[in-house]
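Below is one structure, written out as structure tokens; comments come after it.
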Amino acid sequence: MDAPRAAARRDVTELFARRATLRRSVRLLSEFRFEQSDPARFYGALADDTAALVADLWRAATGSDPAGRTVLDVGGGPGYFAAAFARAGMRYIGVEPDPREIHAGPAVECPEDDPAAGTFVRASGMALPFADASVDICLSSNVAEHVPQPWLLGREMLRVTRPGGLAVLSYTVWLGPFGGHETGLWHYLGGRRAADRYARRHGHRPKNDYGSSLFAVSAADGLRWAAATGALLAAFPRYHPKWGWWLTRAPVVREFLVSNLVLVLSPPEIVN
């Protein structure tokens, strides 16, 4: 890695690190309880936190305000994220393959002079229908573990991000406590076994069904892929306080204790 990119890697998390407190971690963890019973509360809090994360990363990496920048959210689902990014002044484009997910959230109120703040496109994250280098920021929040080829998703994110922009890929690590999603900790006995147990108890397959809509993605896999791109700026646990970020550098331990890994990448500027 050249000197400028090494400096960027040190600095890109500087602003967000100030938010990464124990209080924030406890608050977000408490909201997870409401994912099923009160999705507006859960996803609203997660969306606001994600918009703040992306804005801080952009400011630290570029030294400029993110207002007016285009954010392409791969797997954005309902409108909670669109609303949060619109409030932050960013132009939001959501990509979602399932139309039921797009309409599952609230109606998004967008500024009249900026209808693109809440644009939605039905498409796969592994084949994004956007031109090369066409967006400032490409985000994927908790999607990589739901697709069979997560690093194809990552390559597509880098492809559509302009040089000097940011690609932020955040995903749930399989061996972490939330790797099984609604099947709970039973995934430690095997993903298929956990899904089958869920089906017996609830009379239907889990939404995140191992082998079809949920896959085992490790922290090591993500770090190895990101390093190979030459575009990696930073990697850190999404929901941990700053003093726990060292876990990302600890092999084996990170698979169990880094519940959600954030990879921050930036396609290099083209030099003539």
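Note that UniProt numbering has the sequence shown beginning at 1, numbered continuously upward. Even glycine gets a Cβ: it sits at the ideal position worked out from N, Cα and C. Here the structure is a predicted model, which is why all the values come from computation and not from measurement.
Going by other Cβ atoms of all chains shown within 10 Å of its Cβ, with 16 needed for buried, is Leu-175 buried or exposed?
-> buried
Name the DSSP bridge partner or partners of Phe-236?
-> Val-262
Roughly how many angstroms separate the alpha carbons of Leu-79 and Gly-203, rounded to a whole number?
-> This sequence places Gly at residue 79; Leu is not what is there. Between Gly-79 and Gly-203, the C-alpha separation is close to 29 angstroms.
Rounded to whole angstroms, what's the CA-CA distance from Phe-85 to Asp-73? Just pull it up for me.
-> 10 angstroms
Cutoff 6 angstroms; reference Pro-66; Cβ partners in own chain excluding five residues on either side | Ala-55, Trp-58 and Met-90
List the whole-angstrom C-beta distance separating Gly-125 from Ala-82, where the pair is believed to meet the contact cut-off of C-beta under 8 angstroms.
-> Contact doesn't hold; Cβ gap of about 16 angstroms is too wide.
CA-CA distance, Ser-259 and Val-253?
-> 11 angstroms
Going along the chain, which residues of its own chain have a beta-carbon closer than 8 angstroms to the beta-carbon of Ser-218, five neighbours each way excluded?
-> Val-173, Trp-174, Leu-175 and Glu-255
For Val-74, three-class secondary structure by DSSP = strand
Use the C-beta contact count for Ala-234: other C-beta atoms within 10 angstroms, 16 or more gives buried, fewer gives exposed.
-> Buried: at least 16 other Cβ atoms inside 10 Å.
Can you give the Cα-Cα distance for Asn-142 and Leu-158, rounded to whole angstroms?
-> 17 angstroms
Straight-line CA distance for Val-121 to Gly-94?
-> Those two C-alpha atoms are separated by around 6 angstroms.
CB-CB under 6 angstroms to Tyr-43, same chain, minus the five flanking residues each way: which ones, in chain order?
-> Tyr-80
Count the other CB atoms within 10 Å of the CB of Glu-145; is the residue buried (16 or more) or exposed (fewer)?
-> buried
Close-in-space but distant-in-sequence residues of the same chain around Ala-20 (CB under 6 angstroms, 5 per side omitted) = Pro-241 and Lys-242
Give the secondary structure of Phe-120 by DSSP, where H, G and I count as helix, E and B as strand, and everything else as coil.
-> strand
Under 8 angstroms Cβ to Cβ from Leu-29, same chain only, skipping five residues before and after it: list those, please.
-> Tyr-239
Kindly indicate which residue of Phe-32, Arg-41 and Lys-207 has the alpha-carbon position closest to the one of Asp-98.
-> Lys-207
Tell whether a beta-carbon distance below 8 angstroms holds between Lys-226 and Leu-263.
-> Correcting the residue type first, residue 226 is Ala in the shown sequence and not Lys. Cβ distance < 8 angstroms, so Ala-226 and Leu-263 count as in contact.
With burial defined as no fewer than 16 other Cβ atoms inside 10 Å of the residue's Cβ, what is the status of Trp-246: buried or exposed?
-> Exposed, since its Cβ has fewer than 16 Cβ neighbours within 10 Å.
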